[in-house]
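Chemist: Right, I'll just put the structure down here and ask away after.
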Amino acid sequence: MRFPKTIKVGPYVMDVKYEEDLEYEGDATLGLFSSHDLEITLSADMNPQLEIGVFFHELVHAILWTTGANYSEEYSENLCTSLGNGLMAFFKENKIDLFKVAKGDK
Ligand SMILES: [Zn+2]
30 MRFPKTIKVG PYVMDVKYEE DLEYEGDATL GLFSSHDLEI TLSADMNPQL EIGVFFHELV
90 HAILWTTGAN YSEEYSENLC TSLGNGLMAF FKENKIDLFK VAKGDK
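If you read the sequence shown in this note's numbering, its first letter stands for residue 30, the second for the next number, and so on.
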């Protein structure tokens with residue numbers, strides 16, 4: 030699965046990128062949100078289910094940033110994982126294809 034190369038989050042257009050051997054501060058990671066670069070970066074070649082879960086996690090980071098939320102790192106990580114997995118399950122269990130919805134397909 031590949032997410033669109035650009036997404037709108039709040040008032041911003043953000044890039045979604047894939048990168049091999051993704052790292053954050055020297056450690057391997059599966060996903061990153063950068064408010065500086067307005068982009069979400071996902072590790073390439075993840076299990077497709079994990080890719081969706083990581084995307085939603087990073088998307089919640091992006092949403093929180095656009096709203097000016099200022100939580101501690103630990104709280105923010107827990108919130109992003111909880112809401113990210115909750116959103117993933119909601120769309121999956123209700124069989125809602127996000128990309129068809131976005132295009133207006135039936
Ligand atoms: Zn996170």
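Just so it is clear, CB atoms sit at the ideal spot from N, CA and C, and this is done for glycine as well.
Whole angstroms are fine: how far does the CA of Leu51 sit from the CA of Leu112?
Modeler: So the alpha carbons of these two residues sit roughly 23 Å apart.
Chemist: Heavy atom of ligand 1 less than 7 Å from the Cβ of His90, yes or no?
Modeler: Yes.
Chemist: First and last residue of the alpha helix (DSSP H) that includes Ser101?
Modeler: Run containing Ser101: none; DSSP gives neither H nor E here.
Chemist: Give the single residue among Pro40, Thr110, Gly60 whose Cα lies nearest to the Cα of Asp74.
Modeler: Nearest of Pro40, Thr110, Gly60 to Asp74, Cα basis: Gly60.
Chemist: Please name the residue in His90, Met117, Thr96 whose C-alpha comes closest to that of Tyr104.
Modeler: Among His90, Met117, Thr96, the Cα nearest to that of Tyr104 is on His90.
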